[in-house]
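Going by my numbering, the residue at position 57 of the sequence shown is 57; the numbering climbs one at a time, nothing skipped.
In this text, a Cβ means the ideal position worked out from N, Cα and C, and glycines have one as well.
Everything below concerns the one structure shown next.
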Amino acid sequence: MLNTPQNNKKLDDFNSIDDLGDDHSGSSHETPLRPDAFKMDDELKMEMIAKHFKEIMHILGMDLTDDSLKGTPARVAKMYVKEVFSGLNPLNKPTPKLFENKYKYDQMLVEKDITFYSHCEHHFVPIYGKAHVAYFSSGKVIGLSKINRIVQYFSKRPQVQERLTMQIAEEFKRVLDTDSVAVVMDASHMCVSSRGVGDTNSRTGTSYFGGKFNDEATRREFLDYINSPSPR
Ligand SMILES: [Zn+2]
Numbered sequence: 001m002l003n004t005p006q007n008n009k010k011l012d013d014f015n016s017i018d019d020l021g022d023d024h025s026g027s028s029h030e031t032p033l034r035p036d037a038f039k040m041d042d043e044l045k046m047e048m049i050a051k052h053f054k055e056i057m058h059i060l061g062m063d064l065t066d067d068s069l070k071g072t073p074a075r076v077a078k079m080y081v082k083e084v085f086s087g088l089n090p091l092n093k094p095t096p097k098l099f100e101n102k103y104k105y106d107q108m109l110v111e112k113d114i115t116f117y118s119h120c121e122h123h124f125v126p127i128y129g130k131a132h133v134a135y136f137s138s139g140k141v142i143g144l145s146k147i148n149r150i151v152q153y154f155s156k157r158p159q160v161q162e163r164l165t166m167q168i169a170e171e172f173k174r175v176l177d178t179d180s181v182a183v184v185m186d187a188s189h190m191c192v193s194s195r196g197v198g199d200t201n202s203r204t205g206t207s208y209f210g211g212k213f214n215d216e217a218t219r220r221e222f223l224d225y226i227n228s229p230s231p232r
């Protein structure tokens, strides 16, 4: 490439974008969506994404007439809209059924080792790991599988791990009508392991502790439990 001042300027722009993304700071607890985010229906979104993804592959120099590649744009489009980013659409939000707390169980309930797959919003590559959720019932309890579904819903968005943790915690607080909610997430970021600094072993932890979990002993009980070995 010619080393003109203009080219240097462009390279600097790309480099500073990289620095910002690698810092992994998000701007707010809400996923930044436009008001017209769902004016297009899923079919049109898939059609448009396929078209543009095809263009990206073409620019990269790939031969889209190759049998192995020609279905990729449509496959990626469907995966984005119907699977890995389906949590952007509020219509896909789980509506958890709550039950009376018949047993008057007033202790901590923990659901640990919930596997989640998300995507880093700065690089669009996977973030994956385990989530641990706990709460004290305010009179209602939630079906255990619904805890997983809520975690999955917020994971299926372009995310930063801090925001994902907050969104899950806020949803449980709202649904269960209590502040006493804790969420711990332990994740690997492909943008750290497979590119950039290329650190394959580092993991990132984020946590939220509300209500009774601000009590040192309660928090310890929760953390001890999630760190204990699982029965086999
Ligand atoms: Zn990233």
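Close-in-space but distant-in-sequence residues of the same chain around residue i (CB under 6 Å, 5 per side omitted)
i	result
M190	V125, P126
A134	M108, V110, A182, F222
F99	V141
Cα-Cα separation between residue i and residue j, rounded to whole angstroms
i	j	result
N227	T204	15 Å
M57	D67	14 Å
P158	A187	15 Å
M79	D215	42 Å
D179	S138	9 Å
V184	G61	42 Å
V141	A131	19 Å
K45	V76	12 Å
S86	V160	16 Å
A74	K104	51 Å
T206	K51	37 Å
L69	K54	10 Å
N15	D224	42 Å
E171	L64	43 Å
M166	R174	12 Å
Residue i classed as buried or exposed, judged by whether at least 16 other C-beta atoms fall within 10 angstroms
i	result
V197	exposed
R234	Any answer about residue 234 is impossible in this case: the structure gives the chain only from 1 up to 232.
M1	With a pLDDT of only 45 at M1, under the threshold of 50, the placement of this residue in the model should not be trusted, and no figure is reported.
L11	exposed
M40	exposed
T115	exposed
Cut-off 7 Å between Cβ atoms - residues of its own chain near residue i, not counting five sequence neighbours on either side
i	result
P94	K146, R149, I150, Y153
F209	A182, R219
N89	F38
Beta carbon proximity, residue i to chain D, threshold 8 Å
i	result
Y135	Chain labels in this structure do not include chain D; a single protein chain is all it has.
Beta-bridge partners of residue i, as assigned by DSSP
i	result
Y225	Answer is none; Y225 lacks a bridge partner.
D186	K130, G205
Q159	C120
E111	V133
Inter-residue CB distance, residue i and residue j (contact presumed, cutoff 8 Å)
i	j	result
G129	P96	Wrong, their Cβ atoms sit about 23 Å apart, outside the cutoff.
D42	V81	5 Å
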